[in-house]
Amino acid sequence: MDEKLINESADKIVKLFKEKEIDLSKKSIVDDLTKLVDEKFDFALPMNDAIRAVVGKYSRQHNVKIMISGGSGSGDTQPIKDLVANTWVTVEGEVVEINKPDSKKIHQTAIITDGSGSIRVTVWNRNPDEPHVTDMVVGKWYKISNGIVNIYNNIPAIGVQKTSIITKIDGKAKLTPTVTKIIDIKPGIVNLQAKVVKLFEPKSDKVAQAGIIGDNTGTIRFVIWKSTKPKKQLKEGQVYDIPFAACNLFNNTLSVNLIPDETKDLKIDIDVKTTTLSTLGNLVNVQEGSGIVKRCVIEGCHRVLNRMNYCTIHEIQKDYKYDMRIKGVIDTGYDAKFIHIPLKQTEELIGMTLEQAIKKSEHDSLGVDAIYMEIKNKIVGKYFIVEGNEMNDRILVSGIKPATLEDMKKLTELDFKNSPQSTLGDAS
Amino acid sequence: MEQQTFKREPAKRIFAAEFRGIKFSEKFSTDDKAPTFVLSPTGEIAARLLIVGVLTDKERTTTKDKANTIYKGRINDGTGDFFVSASSFQPEAMMQIARIDTPAIVSIIGKPKLFTREDGNHFVSVNIESITTADRETRDMWKLDTAFMTLSRIATMEKGEIQAYKNIKEKYSTNLETYKGMVNKALTRSI
Chain A
409 MDEKLINESA DKIVKLFKEK EIDLSKKSIV DDLTKLVDEK FDFALPMNDA IRAVVGKYSR
469 QHNVKIMISG GSGSGDTQPI KDLVANTWVT VEGEVVEINK PDSKKIHQTA IITDGSGSIR
529 VTVWNRNPDE PHVTDMVVGK WYKISNGIVN IYNNIPAIGV QKTSIITKID GKAKLTPTVT
589 KIIDIKPGIV NLQAKVVKLF EPKSDKVAQA GIIGDNTGTI RFVIWKSTKP KKQLKEGQVY
649 DIPFAACNLF NNTLSVNLIP DETKDLKIDI DVKTTTLSTL GNLVNVQEGS GIVKRCVIEG
709 CHRVLNRMNY CTIHEIQKDY KYDMRIKGVI DTGYDAKFIH IPLKQTEELI GMTLEQAIKK
769 SEHDSLGVDA IYMEIKNKIV GKYFIVEGNE MNDRILVSGI KPATLEDMKK LTELDFKNSP
829 QSTLGDAS
Chain B
1315 MEQQTFKREP AKRIFAAEFR GIKFSEKFST DDKAPTFVLS PTGEIAARLL IVGVLTDKER
1375 TTTKDKANTI YKGRINDGTG DFFVSASSFQ PEAMMQIARI DTPAIVSIIG KPKLFTREDG
1435 NHFVSVNIES ITTADRETRD MWKLDTAFMT LSRIATMEKG EIQAYKNIKE KYSTNLETYK
1495 GMVNKALTRS I
């Protein structure tokens, strides 16, 4: 646990008792708090509970009644972008979003923004005998005094505890959110202006849409959860104004959770910065789902249908559109990267157009599986030079061609020798 | 596969002469599903291999308990033989190997397995994930690729700066000259 937080909390307690004309030794309070909160000991209490316990202990000793309430912190307002985890903070800003979660423990969650940044606020429920907390409303300004910055799921949030105070501030103008560039994204709340570069086929029933968005500084993965009940569908190639999206860290990869109904279509185009790379490697795997697929024809969907022509969103489809692609792995021996080869490049690679492949599959008892097997036998285990844009550990292939022995000689700076009598001698 | 965030193990490149000398394997995690890695004498740590060579021999047989069909084969890469197998746990690999006539140049992606016999001797083989026919050019490219990887490992071992390599060198008391000779042999064409 942060020593700074313990120190600050101890100062608060000393101050509380000083008001009752009781002098306490700060050191003993620090010791008491450390014992309750430090991970080294068994208790590991939340700071707020530890403070209550310590205050309770000393008020019994000195036979006084002390209500823990706010107003005893340093009280200086800090910019949201400068907030540090596990510290007491006071912020001022406009509330841009309010949610009432199902949890009985939480009164409100909000997103507050002050021009420098935005952060989530969690207002914990209070008992009827405890000081009442101001309800926050979207579009109004508030000052949150003595909140504590916690990190939950890698995202910082201000916890509004029993000691915290929320006061409404009048007469402040509406803020225009500052746009964060994708390269600068950190876990937390961000405003973005970005283009949908690629939509994925969601593999989970809980996901409505997933894909990659980008701006002129980089790309990032996004997810739209079905639980947000989105009415709008994002389209590939469209630029959106994305206010207050939550960015989190999952498996060491950043991703943003979007709420599509809050996004605005922008009539501009963005040149998305991508990392183009060229890799010589062995195509060691062609994954299932490669080859001919049928896609849902519903506008903006394009999901791959299963054998029963079932779309995970739009159910059974009578109509469908054929597509052909390869999902594979290119392996350099150091690194294995997932690659996605779109229709045009797939046709060139296997020397067969989509129409030809469909015709061929119709004349084969294995159907589309015959094409999948043919692709596998043709390309797996062979060396290729792959060019494409790398996005989140995946290469979107723009060009792929068989590598030659000359390419390999250049890469390794090695060549065969013709002399059977080598000066280095023979290993066997 | 879009939600797939796990890291796929790359297929390492090792010549047969080095592979057959493998005596140690290690699991770096206590997770049941975590892969077992073999440690090669020049310091490669592999849970997957890429081999391109000549399938000189294949045999359809049954497992010891006679419950399952298994294909066994030998792949020569110019430095020695790899023993490979595809059992009914790899139906696709079995189907692929069944259709290949020997001799043929093949590309194999597979998982190395280390066995210790009752007499204490070690035996390594490769469980085939995929076997496809390849051509001479691919075989030559693999040789250069594998030579390059092996020479890099030898250079790292010689520098002696990386602890993992030091440990492996100690385990095997690797004589690096032997492996330089092996690479040289692999890159020498008999006329």
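Going down the list, the sequences are from chains A and B. Numbers 409 to 836, taken from the working numbering, label the letters of the first sequence in order. Numbers 1315 to 1505, taken from the working numbering, label the letters of the second sequence in order. In this text, a Cβ means the ideal position worked out from N, Cα and C, and glycines have one as well.
**OP:** Counting only the same chain and skipping the five closest in sequence on each side, list residues whose C-beta sits under 6 Å from that of residue 803 (chain A).
**Re:** 745, 747 and 796
Original post:
Got a sec: does the ligand NAP put a non-hydrogen atom nearer than 6 Å to the Cβ of residue 751 (chain A)?
Top reply: Only the bare structure without any ligand can be found here, which leaves the ligand NAP out of the picture.
Subject >> Residue from A:776, A:759 and A:757 with nearest C-alpha to residue 766 (chain A) >> reply: A:776
**OP:** Just mark residue 653 (chain A) as buried or exposed, buried being the case when its beta carbon has 16 or more other beta carbons within 10 Å.
**Re:** buried
Original post:
Under the three-state reduction of DSSP, which class applies to residue 1355 (chain B): helix, strand or coil?
Top reply: coil
Subject >> Proximity below 7 Å, CB of residue 1357 (chain B) to CB of residue 1471 (chain B) >> reply: yes
Subject >> Beta carbon proximity, residue 820 (chain A) to chain B, threshold 7 Å >> reply: yes
Original post:
Considering only residues of the same chain and omitting the five flanking positions on each side of residue 1374 (chain B), which have a CB-CB separation below 7 Å?
Top reply: 1383 and 1385
Original post:
Between residue 744 (chain A) and chain B, is there a C-beta pair that is closer than 7 Å?
Top reply: yes
Original post:
Just how far apart, CA to CA, sit residue 500 (chain A) and residue 716 (chain A)?
Top reply: 55 Å
Original post:
Okay, do the segment 655-667 of chain A and the segment 678-697 of chain A touch, 3+ Cβ pairs below 8 Å being the bar?
Top reply: no
Subject >> Sub-7 Å separation of residue 604 (chain A) and residue 621 (chain A) beta-carbons >> reply: yes
Original post:
alpha helix (DSSP H) containing residue 740 (chain A): first to last residue?
Top reply: No alpha helix (DSSP H) contains residue 740 (chain A), which DSSP labels as neither H nor E.
Original post:
Between A:606, A:724 and A:754, which lies nearest to residue 808 (chain A) when the distance is taken from Cα to Cα?
Top reply: A:754
**OP:** Indicate the three-state DSSP secondary structure (helix, strand or coil) for residue 533 (chain A) in the structure shown.
**Re:** coil
Original post:
Using the C-alpha atoms, what's the distance from residue 1494 (chain B) back to residue 1467 (chain B)?
Top reply: 11 Å
Original post:
In the segment 1409-1486 of chain B, which residue ranges form an unbroken alpha helix (DSSP H) of at least 4 residues, counting only runs that do not cross its ends?
Top reply: 1450-1473 and 1477-1486
**OP:** Establish whether the CB of residue 582 (chain A) and some CB of chain B are separated by less than 7 Å.
**Re:** no
Original post:
If you measure from the beta carbon of residue 789 (chain A) to each beta carbon in chain B, is any gap under 7 Å?
Top reply: yes
Original post:
Under the three-state reduction of DSSP, which class applies to residue 1325 (chain B): helix, strand or coil?
Top reply: coil
**OP:** Enumerate in chain order the residues of its own chain whose CB-to-CB distance from residue 1481 (chain B) is below 8 Å, with the five nearest sequence positions on each side excluded.
**Re:** none
**OP:** Check the Cβ of residue 816 (chain A) against every Cβ in chain B and list those closer than 7 Å, keeping chain order.
**Re:** 1455, 1458 and 1459
Original post:
Smallest Cα separation from residue 571 (chain A): which of A:421, A:521 and A:441?
Top reply: A:421
Subject >> Spatial neighbours of residue 456 (chain A) in its chain, beta-carbon cut-off 6 Å, leaving aside the 5 residues before and after >> reply: 569
Original post:
residue 1360 (chain B) to residue 646 (chain A), Cα distance in whole Å?
Top reply: 44 Å
Original post:
Whose Cβ in chain B lies nearer than 8 Å to the Cβ of residue 674 (chain A)?
Top reply: Going along chain B, no residue has its Cβ under 8 Å from residue 674 (chain A), so there is no contact; the nearest lies around 26 Å.
Subject >> Contact belief for residue 1444 (chain B) with residue 789 (chain A) at Cβ below 8 Å, rounded distance in angstroms >> reply: 7 Å
Subject >> Whole-angstrom distance between residue 587 (chain A) and residue 731 (chain A), CA atom to CA atom >> reply: 37 Å
Original post:
Would you say residue 1300 (chain B) faces chain A, with C-beta separation under 7 Å as the test?
Top reply: There is simply no residue 1300 (chain B) to check, as chain B begins at 1315 and stops at 1505 in what is shown.
Original post:
Which residue from B:1366, B:1331, B:1327 and B:1442 puts its Cα closest to that of residue 1399 (chain B)?
Top reply: B:1442
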